[in-house]
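Quick note: the sequence shown uses the numbering used here, first residue 1292, plus one each step. All C-beta atoms in this analysis are idealised placements derived from N, C-alpha and C, irrespective of residue type, glycine included. One structure below.
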Amino acid sequence: MPVHSPRHALRSEAVRWVATVGAVILLIATGIGSTLLLYGGGSWTTAAQLEASHLADVEVRELVGTTAYLRSDNPAAPSLWQAAARILRLPLANPAGMIEAQLPGIRPNPAATPQQASLLAPIDAWDAADDHVVLGWIPYDTVSRSIQMIRDNPGVNVVSPGWLTLTSPQGAVRNRIQAQVVQYAHDHHVAVWAMFDNQFDASLTHAVLTDGAAQKKVIQEIADAVRDNRLDGINVDFENVRTEDRERFTAFIAALHQALVPLHASLSVDVTPDIVFLRDDAAFFHAGLAAVSDYIVLMAYDEHWGGDPDPGPVADVPWVTQSVDDLLGTGVPADKILLGLPFYTEFWHRHKDGSVSSTPVAAPNIQPALDRHQAKSTWNDALGVAYAKYPADDGYVEVWYETGETLQRKLALVSDRGLAGVAVWSLALSDPSLGSGLADLLRQALS
């Protein structure tokens, strides 16, 4: 048993006294320093910025799947300073928690799954998401062929057959709705938005838009067609509309939408990209149309159209990206936009005299045509399309065409911009014998 002398007791008491004074001084200094940080401005801001930067790094590491930021199952014991600071609730005792509380939305989701670490949503997200529209246009055809197109493209959840056409200045509408097709689509959980077109006739469209009685007749006929045939929506495809009819067309769409709402029918409107970036001054008032309809379908093709004297891609990726960003920039919400995808290209014949002619070719027929002419293709990464060239009578033929990589980039654009979905022109151009139904193409592109 140890023996404690009076001198030893005195020395112990002195040490204990010095330790107590030191602790008091440390606490006073900490309080002064914290006050300076709180009211001194710059130092506190710097500390906050540094901690926010640290937390941002943690969030980025979570996105790429690194697990190093996770808490250990056996955390280290806090130091004496950390314990005292937390008990006394001193500033900066828990800077990460303090900054995190001021930055909502950066906390990791405790229910996160491995799929959330992916930067590109897999195609099954498209199939499972109720709010993604995969629309396929069907040019007017026989009942059996229209049903076959639906059958060959199981990934499509909306079809838009060309059934309704404006035919007279008095507002007559030709109705060729096929009840059997509607029934087949509904039996297979596919919505039907009948396409309503104006025959590309600017004069006919102007006559109707300037005649109130004619507009009422059109709207009534469309509403009756929806009600009588159990349609799920209408897709308005009015093209070649005059710039002077811009406001009239928007007002017409607003009135049509008002008539369809009680019928629980969706209204979508097809628009072309602006010729001049952010110059929303042509016939289509993008933001206005978006405000009075359910969807805006961006026909992002014909960058170089049939008959264009300047050959080139139908819809290269940079042009499509600019078209989407322009539409967003003119005020259309992303969740109302459907991106149009072309299932065709143009074969451009450059003649020796300098003239140019073109022939449209459906997507499944492009490679066989190139093979027949033993044409070799190269990939243009800047445009996101393939290119081929081969000799022909009186000159040569050039082809810019889309591949699975092209489609992947466009679908990534849809995901990145948060768009509502896609619309394909057209299901008649897909080829089931090649396994190129839309669902297969989407899966191949995002696999």
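Under the three-state DSSP convention, the category residue i falls into
i	result
Y1475	helix
S1721	coil
H1497	helix
M1486	strand
I1468	coil
N1671	strand
G1631	strand
A1654	helix
G1579	helix
W1691	strand
S1614	helix
V1623	coil
P1659	helix
P1609	helix
S1649	strand
G1491	The question names Gly, but residue 1491 in the sequence shown is Phe. The answer is coil: DSSP assigns F1491 none of H, G, I, E or B.
G1598	coil
G1462	coil
D1686	The residue asked about is misnamed: residue 1686 is Gly in this sequence, not Asp. Here G1686 sits in strand by DSSP.
V1664	Checking the sequence, you will find His at residue 1664 rather than Val. H1664 falls in the coil class under three-state DSSP.
V1640	For clarity, residue 1640 is His in the given sequence; the question names Val instead. In the structure shown, H1640 sits in a strand (DSSP, three-state: E or B).
Residue i: first and last residue of the uninterrupted alpha helix (DSSP H) it sits in
i	result
V1552	V1552 -> no alpha helix (DSSP H), and no H or E assigned at all.
A1703	1695 to 1708
V1434	1434 to 1443
Integer Cβ distance of residue i from residue j, believed to fall under 8 Å
i	j	result
V1623	A1578	6 Å
N1444	L1632	The pair is not a contact, with the Cβ atoms about 13 Å apart (cut-off 8 Å).
P1604	V1676	5 Å
F1540	L1500	6 Å
W1484	V1449	6 Å
S1559	Y1586	4 Å
I1429	Y1475	About 12 Å separates the two Cβ atoms, so there is no contact after all.
Cα-Cα separation, residue i to residue j
i	j	result
E1696	T1669	13 Å
R1533	A1493	6 Å
V1447	N1526	16 Å
A1545	A1504	16 Å
S1721	W1454	20 Å
Y1687	V1611	27 Å
L1666	S1648	For the record, residue 1666 in the displayed sequence is Ala; it is not Leu. Cα-Cα distance, rounded: 19 Å.
Q1471	V1434	7 Å
R1465	D1515	13 Å
E1535	D1502	15 Å
Segment limits, beta strand (DSSP E) that includes residue i
i	result
T1456	1449 to 1457
Y1681	1676 to 1683
G1427	1424 to 1429
V1713	1712 to 1716
Y1586	1586 to 1589
Near the ligand ZN: residue i beta-carbon under 6 Å from a heavy atom
i	result
T1541	Questions concerning the ligand ZN fall outside what the structure shown contains, since it holds no ligand whatsoever.
Practice item. Starting from the N-terminal side, write out each stretch of the beta strand (DSSP E) that is 3 residues or longer and does not extend beyond the stretch 1500 to 1568. Key: 1524 to 1528, 1557 to 1562
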